[in-house]
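Residue numbers (this note's numbering): 599 to 809.
Note that beta-carbon positions come from the ideal geometry of N, C-alpha and C, so glycine has one too.
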């Protein structure tokens with residue numbers, strides 16, 4: 599048998615074998631998915647233009663700096679005390695992962711005498727990375743009013759500067775639980791106040807909805 603005939607027979611024999619071999623697409627299907635790391639990516643919607651609404655419940659420990667009375671007989675608060683607060687807030691993402699928010703807070707201060715506090719603040723919060731658990735850091739400033747119980751019965755005002763270090767735990771694309779530490783400084787604005795308060799607030803539980 600001459601060489602051309604042998605080559606033709608060999609080619610015919612190879613055709614079924616080539617057809618039976620899996621294609622490159624099939625091999626790609628059997629390979630590990632390229633997007634496997636996406637399983638650990640955060641599902642939260644934190645892109646520019648997203649809105650958020652939520653709130654938190656917190657407990658804080660406050661230490662007053664400089665407790666000398668401004669005049670003889672003036673009322674001086676305890677040097678250290680606890681307070682409890684709830685804080686609803688709204689926000690909008692002005693850039694990817696960067697949220698501009700407006701927050702309210704209402705709380706009870708256990709100092710002697712006790713007081714009820716109300717505050718309004720404006721802040722920025724940044725969500726770090728794209729992991730499933732989202733670390734977050736923030737900065738806020740605002741104003742606080744405190745209605746002091748008798749015998750003082752006066753209204754006090756302070757300027758607030760607070761920081762935030764926390765974690766967002768997604769429950770899906772649109773909801774997350776949040777936990778945070780929020781150290782803050784409260785500077786006196788009222789004439790009867792002369793002391794600065796350092797407050798370490800712990801957000802025991804917060805919920806945020808993204809839409």
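Proximity winner among the options, relative to residue i (alpha-carbon distances)
i: residue 655; options: 802, 644, 731 and 713; result: 802
i: residue 716; options: 764, 761 and 742; result: 742
i: residue 703; options: 658, 774 and 770; result: 658
i: residue 681; options: 773, 791, 660 and 809; result: 660
i: residue 639; options: 772, 728 and 678; result: 728
i: residue 711; options: 734, 790 and 679; result: 679
i: residue 748; options: 709, 723 and 725; result: 709
i: residue 773; options: 646, 650 and 645; result: 650
i: residue 724; options: 761, 641 and 789; result: 761
i: residue 763; options: 771, 698, 734 and 791; result: 734
i: residue 767; options: 690, 648, 730 and 692; result: 730
i: residue 690; options: 705, 648 and 726; result: 648
i: residue 806; options: 796, 791, 771 and 726; result: 771
Element boundaries [beta strand (DSSP E), containing residue i]
i: residue 681; result: 678-693
i: residue 739; result: 732-746
i: residue 791; result: First-last for residue 791: undefined, no H or E at that position.
i: residue 768; result: 753-768
i: residue 646; result: Segment: none, residue 646 is in no beta strand (DSSP E) and carries neither H nor E.
CB contact flag (residue i, residue j, <8 angstroms)
i: residue 776; j: residue 736; result: no
i: residue 687; j: residue 696; result: no
i: residue 783; j: residue 800; result: no
i: residue 745; j: residue 721; result: no
i: residue 765; j: residue 732; result: yes
i: residue 786; j: residue 798; result: no
i: residue 719; j: residue 758; result: yes
i: residue 694; j: residue 645; result: yes
i: residue 653; j: residue 683; result: no
i: residue 808; j: residue 698; result: no
Per DSSP, cross-strand counterpart(s) of residue i
i: residue 698; result: 690 and 722
i: residue 798; result: 659 and 781
i: residue 703; result: 717
i: residue 804; result: 654 and 776
i: residue 729; result: 639
Proximity test, Cβ basis, 8 angstroms: residue i and chain C
i: residue 680; result: In summary, chain C is missing from the structure at hand, where a single protein chain is found.
Any non-hydrogen atom of the ligand COA closer than 7 angstroms to residue i Cβ
i: residue 680; result: Here there are no bound small molecules, and the ligand COA is not part of this structure.
**Report entry** Meets three-Cβ-pair contact criterion under 8 angstroms: the region 752-766 and the region 712-729
**Finding:** In this structure the region 752-766 lies against the region 712-729, because at least three pairs of beta carbons, one per stretch, are closer than 8 angstroms.
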